[in-house]
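> Here the sequence shown is numbered in our numbering, starting from 30 and rising by one per residue. Where a beta carbon is used, it is the ideal one built from N, C-alpha and C, also for glycine.
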Amino acid sequence: MKDNLRKGIALAILPQILFVKWFGNRPEWVEQYYSKGLYPEISGLFRWAFGWIPFSIGELVYSLLLLSILWYLVHKWRHIKRKPFRFLINVVAVLSVFYFTFHLVWGLNYYRRPIAENLAITDSITKPELLKLTERLIQKTNTLQFSLTGDSTQMVNVPYPQEEIFQKTVYGYAEIKKRIPFLTYTNPSIKASGYSTLSSYLGIGGYLNPFTNEAQVNALTPAFRLPVISGHEIGHQIGYAAENETNFIGYLVTVRHKDPYFQYSAYAYALSHCLSAIARENETEFEQLYSTLNNGVKANYQELRDFYTRYENPFEPIFESVFSTFLKANSQADGIQSYGRVVSLMVGYHKKHPI
30 MKDNLRKGIA LAILPQILFV KWFGNRPEWV EQYYSKGLYP EISGLFRWAF
80 GWIPFSIGEL VYSLLLLSIL WYLVHKWRHI KRKPFRFLIN VVAVLSVFYF
130 TFHLVWGLNY YRRPIAENLA ITDSITKPEL LKLTERLIQK TNTLQFSLTG
180 DSTQMVNVPY PQEEIFQKTV YGYAEIKKRI PFLTYTNPSI KASGYSTLSS
230 YLGIGGYLNP FTNEAQVNAL TPAFRLPVIS GHEIGHQIGY AAENETNFIG
280 YLVTVRHKDP YFQYSAYAYA LSHCLSAIAR ENETEFEQLY STLNNGVKAN
330 YQELRDFYTR YENPFEPIFE SVFSTFLKAN SQADGIQSYG RVVSLMVGYH
380 KKHPI
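1) Taking Cβ positions, are Leu300 and Thr163 nearer each other than 8 Å?
2) Assuming Asn247 and Ser228 are in contact, meaning their beta carbons sit under 8 Å apart, how far apart are those beta carbons, in whole angstroms?
3) Between the alpha carbons of Arg254 and Glu316, how many angstroms are there, rounded?
4) State yes or no: is the C-beta of Ile38 within less than 8 Å of the C-beta of Ser92?
5) How would you write the range of the beta strand (DSSP E) that Ile219 sits in, first residue to last?
6) Which one of Ile167, Phe114 and Arg76 has the shortest CA to CA distance from Val326?
7) Report the rounded CA-to-CA distance for Leu322 versus Leu159, giving the unit in angstroms.
8) Just tell me which of Glu88, Ser97, Tyr140 and Ile233 has its CA closest to the CA of Ile51.
9) Using CA coordinates, which residue listed in Asn138, Lys206, Arg115 and Pro190 is at the minimum distance from Gly53?
10) Check Val284 in the structure and name its three-state DSSP category.
11) Report the option in Gly73, Arg35, Val49 and Leu99 whose CA atom is closest to the CA atom of Phe240.
12) Looking only at DSSP bridge pairs, what is Leu237 linked to?
13) Helix, strand or coil: how does DSSP classify Asp180 here?
14) Is the beta carbon of Phe291 less than 8 Å from the beta carbon of Lys197?
15) Which whole-angstrom value is the C-beta distance of Tyr296 and Leu173, which I expect to be below 8 Å?
16) Looking only at its own chain, which residues have a Cβ that is under 6 Å from the Cβ of Lys244, when we skip the five neighbours before and after it?
17) By the DSSP assignment, the alpha helix (DSSP H) with Ile209 in it spans what residues?
18) Spatial neighbours of Leu318 within its chain, please: CB distance less than 7 Å, with the 5 preceding and 5 following residues excluded, ordered by chain position.
19) Between the alpha carbons of Gly66 and Pro56, how many angstroms are there, rounded?
20) Helix, strand or coil for Phe84 per DSSP?
21) Kindly list the residues whose CB is nearer than 7 Å to the CB of His379, restricted to its own chain and excluding five residues on each side of it in sequence; keep chain order.
22) Give me the Cα-Cα distance between Phe129 and Gln45, rounded to the nearest whole angstrom.
23) Can you tell me whether DSSP reads Tyr224 as helix, strand or coil?
24) Taking its Cβ as the centre, do 16 or more other Cβ atoms sit within 10 Å of His108, making it buried, or is it exposed?
25) Can you name, in chain order, every residue of its own chain whose Cβ lies under 7 Å from the Cβ of Lys36, other than the five neighbours on each side?
26) Measure the C-alpha to C-alpha separation of Gly279 and Ile144 and round it to an integer number of angstroms.
27) Quick check on the DSSP output: what are the complete alpha helix (DSSP H) runs of length 4 or more inside the segment 252-278, in order along the chain?
28) Between Gly87, Arg165 and Gly268, which has its C-alpha nearest Tyr62's C-alpha?
29) Quick one: measure Cβ to Cβ for Glu88 and Tyr230, integer angstroms, because I've assumed they're closer than 8 Å.
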C-alpha cells in the first residue's frame, strides 16, 4: 500500500468519529435509515451466506487474524523498531478500517431509538412495583419447577440438546413477531461457540460476531439458562445493541414460548435479576423472598453459581473492565452494569401486560 493512501486511511478515522457522534445524536434518523433500513439488508445477507455452515466462519477469521498479527510482529520486529512511525500509521489505518466496517455492519444500532419507546412502556420503576413483580415471578417459577419435576426439591433439567434449543428459539421468534412485528427474525444463524472454554473464563454467555452476523452461544453454560442466552444473542442480530434491551428481548421471546422448559428458563432468569436488584437495596428483604423459593429452583441457581465459580480467574475483572469501557464508548453510560437494567424494562412491560 502506498504511503499516501495509508496515511489517508489512517486520518479518515477522525471524520468517521465525528460522523458517528453527529448521526448518533439523532436516534430517529438511526432508527429509520439504519436500524430499519440499511442494517436489515446487510445482516440478512450475512446470515444467508454463513448461517447454513455448521461452524463459525467469524471465529475462524478471528483465529487466522490473530495468527497473522503474531506472525507479523515476530517476523517484522526489526523493521518495526527501525520505522516505528510507519508502524503506528499502519496500526491507525487498520483501526480506521475496523471502525468504519464495525459501524457499517452493526455498530450504529447502539444509537437507535430505545426499545421502551417502540413498545410504548415505561422504563422507570418504584420499589413497590419491583416487589410486586418479584413475588409474581416467584409464584410462576415455583409452579413451573414443580410441574416439570413433580418434586419441589429437584432442579429442572432441560431435556433438549443445544441444537434443538437453538431451533426452538428461532421458533419463539416466529411466534413473538405475531405480537411484536419489529422482532421479526429471518435467515437464522445461531451456533455453539468454538471459544466456549475461553468465554467461560471471561464470564461470557454468548456474543454476536458483528462482521459475519453469527450469534455465538457459550456451549458450556448450564442448559436451563441457554434459552434466554440464545434469545439474547438473536436480539443483537435483529438490530438491538444495548445489553439491557437484548436481555429483555431474550426474556420476552422465551417467556412467551409455548415450551414450559423455555418458560421456566425465562421466569428463573427474570427472578434472578429482580432478586439481585432487591439484594442491593435491602439484604433482609432479599433473604425473606429467597426463602420462599422451592429448593429445586435454588438448586438451579446453585448450578449456575458453581459454573461461574469453576471458571473464576484473576483476568476476568480485567476483561469486564475493558468490555465496560467499550460499552460506555458506544452510548451505554452504565457500562457492564447496563446488563442489570433489564429489571426496569420487565417491570414496565408487565405493568402493561400482567403475568
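Reading it off the structure:
1) Translated into positions along the sequence shown, residue 300 becomes position 271. Translated into positions along the sequence shown, residue 163 becomes position 134. Contact: yes.
2) Locating residue 247 in the sequence shown gives position 218, where the first residue counts as 1. Locating residue 228 in the sequence shown gives position 199, where the first residue counts as 1. The pair is a contact, with the Cβ atoms about 4 Å apart (cut-off 8 Å).
3) Locating residue 254 in the sequence shown gives position 225, counting from the first residue. Locating residue 316 in the sequence shown gives position 287, counting from the first residue. Arg254 and Glu316: Cα-Cα distance of roughly 23 Å.
4) Reading the sequence shown from its first residue, position 9 is the one you call residue 38. Reading the sequence shown from its first residue, position 63 is the one you call residue 92. Going by C-beta atoms, Ile38 is not nearer than 8 Å to Ser92.
5) The sequence position of residue 219 within the sequence shown is 190, counting from 1. Here the beta strand (DSSP E) through Ile219 covers Ile219 to Ala221.
6) Mapped onto the sequence shown, residue 326 falls at position 297. Ranking the options by Cα distance to Val326, first place goes to Ile167.
7) In the sequence shown, residue 322 corresponds to position 293, counting from 1. In the sequence shown, residue 159 corresponds to position 130, counting from 1. Answer to the nearest angstrom: the Cα atoms are 17 Å apart.
8) Within the sequence shown, residue 51 is the residue found at index 22, counting from 1. Sequence check: residue 51 is Trp here, not Ile. When only C-alpha atoms are compared, the closest one is Tyr140.
9) Translated into positions along the sequence shown, residue 53 becomes position 24. Of the candidates Asn138, Lys206, Arg115 and Pro190, the one whose C-alpha sits nearest the C-alpha of Gly53 is Asn138.
10) By one-based count along the sequence shown, residue 284 stands at place 255. DSSP places Val284 in helix when its eight states are reduced to three.
11) Within the sequence shown, the letter at position 211 stands for residue 240. Cα-wise, what sits closest to Phe240 is Gly73.
12) Locating residue 237 in the sequence shown gives position 208, where the first residue counts as 1. Paired residues: Ala244.
13) Numbered from its first residue, the sequence shown carries residue 180 at position 151. Residue state, collapsed to three classes: coil.
14) What you label residue 291 is simply residue 262 of the sequence shown in a count that begins at 1. What you label residue 197 is simply residue 168 of the sequence shown in a count that begins at 1. Yes, Cβ-Cβ distance for Phe291 and Lys197 is below 8 Å.
15) Taking the first residue of the sequence shown as position 1, residue 296 is located at position 267. Taking the first residue of the sequence shown as position 1, residue 173 is located at position 144. Confirmed, Cβ separation roughly 6 Å.
16) Within the sequence shown, residue 244 is the residue found at index 215, counting from 1. This sequence places Ala at residue 244; Lys is not what is there. Hits under 6 Å: Ile219, Leu237, Glu262, Ile263 and Gln266.
17) On the sequence shown, position 180 is the one that residue 209 refers to. Element bounds for Ile209: n/a, residue is neither H nor E.
18) Looking up residue 318 in the sequence shown gives position 289. Hits under 7 Å: Thr163, Ile167, Leu304 and Ile307.
19) Taking the first residue of the sequence shown as position 1, residue 66 is located at position 37. Taking the first residue of the sequence shown as position 1, residue 56 is located at position 27. The straight-line gap from Cα to Cα measures roughly 13 Å.
20) Here residue 84 corresponds to residue number 55 of the sequence shown, with the count starting at 1. In this structure, Phe84 counts as coil in the three-state DSSP scheme.
21) As a first step, residue 379 is located in the sequence shown; it is residue number 350 there, counting from the start. Excluding positions up to five away in sequence, the list reads Leu162.
22) Mapped onto the sequence shown, residue 129 falls at position 100. Mapped onto the sequence shown, residue 45 falls at position 16. Cα to Cα, Phe129 sits roughly 7 Å from Gln45.
23) Counting from 1 along the sequence shown, the entry for residue 224 is found at position 195. Coil.
24) Looking up residue 108 in the sequence shown gives position 79. Exposed, because fewer than 16 other Cβ atoms sit within 10 Å of the Cβ of His108.
25) To locate residue 36, count along the sequence shown from 1; it is residue 7. Ile118, listed in sequence order.
26) Counting from one through the sequence shown, the residue named residue 279 turns up at place 250. Counting from one through the sequence shown, the residue named residue 144 turns up at place 115. C-alpha separation (whole angstroms): 13 Å.
27) 255-266
28) Translated into the one-based positions of the sequence shown, residue 62 becomes position 33. If we check each option's Cα against that of Tyr62, Gly268 comes out closest.
29) Start at 1 with the first residue of the sequence shown, and residue 88 comes out as number 59. Start at 1 with the first residue of the sequence shown, and residue 230 comes out as number 201. In fact, because the Cβ distance is near 16 Å, the residues do not count as touching under 8 Å.
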